[in-house]
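What follows is a short report on a single structure.
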Amino acid sequence: MKIFSSEKGKEVVYIQYKNLRNLSNSKITPEYIKKLIPIKIYEIEYNDEYMKFDDKEFIKWIKDAYFILDFDKFSKMTKNEIYNEYDETEYKIKRILLNLNNFSKEERKNQIGFYQAYNDLCNYKNEILYFLKSKKIKLPNEKIYVYKNNAN
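Position 144 of the sequence shown, counting from 1, maps to 887 under the working numbering, and the rest follow consecutively.
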């Protein structure tokens, strides 16, 4: 999950460790972003802990990272809107699998982009499920979010 904030007049983003590990291992993450992710993310076993970043390039890139759940966006959505986002993600995953099935076994080996998109979307889908199932979500600075929008 990513959470954007303004602290002392400066834009910051908090990213969960599990997302940082995914970014660090992703082939689509630019090297300049990977260099900003400290190696200690592998030492921390807690997936739901957050790390704060204030680097402008990092924040700009993370804003466009569709495969990391944006807390601000999801906290304002109804359950139906979240279910729709889940369904759309499922559809995208199925389309990737259909595309991969159109390639021969040998050609599939070279479709790194499809496999990376598949992994990213599967992680995103799991984040959506976690958001839906969680009654309370731990946020940075010891804050707790309680999902109150149960409207259909």
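Glycine is no exception: its CB is placed at the ideal position from the N, C-alpha and C atoms. Owing to the predicted nature of the structure, the values given are computational and were not obtained by experimental measurement.
Where does residue i sit, in a helix, a strand or coil, going by DSSP?
i	result
Ser-723	For residue 723 there is no data in the structure shown, the boundaries of the chain being 744 and 895.
Asp-813	strand
Ser-818	helix
Lys-879	strand
Ala-894	Caution applies to Ala-894, whose pLDDT of 43 falls short of 50 and renders its modelled position unreliable; the value that the coordinates give is listed next. Here Ala-894 sits in coil by DSSP.
Lys-753	strand
Ile-776	helix
Alpha carbons only, please: which of the options is nearest the one belonging to residue i?
i	options	result
Ala-815	Leu-840, Lys-770 and Tyr-757	Reading off the sequence, residue 815 comes out as Asp, not Ala. For Asp-815, the nearest C-alpha among the options comes from Tyr-757.
Met-744	Glu-885, Phe-874 and Ile-887	Phe-874
Ile-784	Val-889, Arg-764, Asn-845 and Ile-839	Arg-764
Phe-810	Asp-863, Phe-747 and Lys-753	Asp-863
Gln-859	Glu-849, Asp-798 and Ser-767	Ser-767
Ser-877	Glu-831, Glu-800, Val-889 and Ser-748	Val-889
Glu-754	Ala-808, Phe-801 and Glu-885	Phe-801
Pro-883	Gly-752, Lys-751 and Gln-759	Gln-759
Buried or exposed for residue i, please, with buried defined as at least 16 other CB atoms from any protein chain shown within 10 angstroms of its CB.
i	result
Asn-762	buried
Asn-893	Because the pLDDT at Asn-893 is just 47, under 50, the model does not fix this residue reliably, and the point stays unresolved.
Asn-895	With a pLDDT of only 43 at Asn-895, under 50, the local geometry of the prediction cannot be trusted, and the value read off the model is given with reservation. Asn-895 should be labelled exposed.
Thr-868	Reading off the sequence shown, one finds Lys at residue 868, where the question assumed Thr. Buried, since its Cβ has 16 or more Cβ neighbours within 10 Å.
Ile-746	buried
Ile-855	exposed
Phe-796	buried
Ile-782	exposed
Leu-812	buried
Phe-817	buried
Thr-821	exposed
Ile-776	buried
So residue i packs on residue j, CB below 8 Å; how close in whole Å?
i	j	result
Ile-880	Ile-825	Contact doesn't hold; Cβ gap of about 13 Å is too wide.
Phe-857	Ile-839	5 Å
Arg-851	Leu-843	6 Å
Could you tell me which whole alpha helix (DSSP H) segments of length 4 or greater appear in the region 832-858? If you keep only unbroken alpha helix (DSSP H) runs of at least 4 residues inside the region 832-858, you get 848-851.
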